[in-house]
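These notes concern the structure reproduced below.
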Amino acid sequence: MAVVLDQLAPEGQDAVARTRQRVSDLHAELPRNQLVVWTAGNVSERVPGQDLFVIKPSGVSYDELSPELMVVCTLDGAKIVDGTPASLTPSSDTAAHAYVYRHMPEVGGVVHTHSTYATAWAARGEEIPCVLTMMGDEFGGPIPVGPFAIIGDDSIGRGIVETLRHSRSRAVLMQNHGPFTIGKDAKDAVKAAVMCEEVARTVHVATQLGDPIAIPEEIVETLFDRYQNVYGQGATPAGHGGAASPPPTAT
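Numbering (my numbering), first residue to last: 550 to 800.
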């Protein structure tokens with residue numbers, strides 16, 4: 550039986566409405582950060598307290614997106630009766646997003662782009678080496694490459710999960726396709742997509758100048774731990790009572 554949005558409990562309907570608003574707003578960050586062209590790319594977010602997620606409709610211009618057009622799906626990737634026209638289908642990457650949500654319960658948001666530099670690394674089937682402190686901070690090491698997979702079923706989702714389960718990275722470069730990123734929510738996944746493209750571009754430039762210098766693993770560990778657990782307002786380092794100062798490389 551199909552899930553009907555209007556038949557959910559009021560708190561469930563409210564959670565869906567808030568998630569639709571966030572996902573709609575966050576799609577504006579993709580063209581703003583030059584991560585997509587035309588209608589490519591998508592953002593999704595898990596609906597808190599529900600076995601549902603919200604994702605962009607397929608082939609709709611970013612200028613035309615609104616909360617009301619965001620498609621609501623089950624964790625199997627099936628569109629529910631969400632008040633949108635029956636002809637409005639979810640993103641062609643929906644099966645991949647759904648697979649990630651089913652198999653990585655800690656993930657609350659997924660983003661896919663075709664950003665130029667990250668996709669160029671994906672076209673080479675080459676991971677982005679950890680040669681920047683920013684990469685240590687944000688990704689905890691290199692950004693890995695996932696296997697080649699065809700759009701249309703959950704093959705891409707399987708590749709994302711299989712690759713990221715063995716990595717601290719929140720980004721994966723699907724071979725010959727492009728980057729996918731995950732996060733605790735959609736905003737976190739969008740941030741990872743922005744940072745992925747930034748380091749992809751910088752490391753590419755570095756390789757044109759010579760051989761980039763790898764950061765030792767023990768330093769990467771320190772960078773990652775500090776950025777994830779200390780950096781930012783309100784964080785307190787273990788064993789200390791005062792506010793932490795941010796690492797000099799964080800922005």
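By construction, the Cβ of each residue, glycine as well, lies at the ideal position given by its N, Cα and C atoms.
Buried or exposed: ASN778, going by 16 or more other Cβ atoms within 10 Å of its Cβ?
exposed
Length of the line joining the Cα atoms of SER718 and GLN724
16 Å
Please report the straight-line C-alpha distance between ARG595 and LEU637, rounded to a whole angstrom.
20 Å
Give the C-beta separation of ALA645 and ASP703 to the nearest angstrom, bearing in mind that I take them to be a contact with Cβ-Cβ under 8 Å.
6 Å
Give the single residue among MET653, ALA672, CYS679, ALA551 whose Cα lies nearest to the Cα of ILE831.
Residue 831 lies beyond the range of the chain shown here (550 to 800); nothing can be said about it.
For ARG581, count neighbouring Cβ atoms within 10 angstroms of its own Cβ and tell me buried if that reaches 16, exposed if not.
exposed
Closest by C-alpha distance to VAL743, when choosing among VAL721, ASP625, SER640, ILE705
VAL721
Among ILE700, PRO597, ALA577, GLU578, which residue has its Cα nearest to the Cα of ALA564?
PRO597
As a quick exercise: from THR668, ALA749, SER716, ASP734, pick the residue whose alpha carbon is nearest that of ARG567.
ASP734
Check whether THR662 and PRO765 have beta carbons under 8 Å apart
no
Rounded Cβ spacing between LEU772 and ASP686 (contact assumed at less than 8 Å)
5 Å
Taking SER640 as the reference, which of VAL649, MET684, SER593, HIS726 has the closest Cα?
SER593
Could you have a look at VAL680 and say whether DSSP puts it in helix, strand or coil?
coil
Backbone CA spacing between SER794 and VAL748 [nearest angstrom]:
In this prediction, SER794 has a pLDDT of 36, which is less than 50 and means its spatial position is unreliable; nothing more can be read from the coordinates.
Counted within 10 angstroms of its Cβ, other Cβ atoms place ALA672 as buried (16 or more) or exposed
exposed
Going by CA-CA distance only, name the one from GLU711, ASP555, TYR611 that's closest to VAL572.
TYR611
Go through the segment 716-785 residue by residue and report every complete run of the alpha helix (DSSP H) that reaches 4 residues or more, in order.
735-758, 766-778
Whole-Å CB distance - GLY781 paired with ILE731, under 8 Å assumed:
Actually they do not touch by this definition, with Cβ atoms about 20 Å apart.
Would you list the one or two residues that DSSP bridges to THR623?
LEU601
Boundaries (first-last residue) of the beta strand (DSSP E) holding GLU613:
Unbroken run through GLU613: none, as it is neither H nor E.
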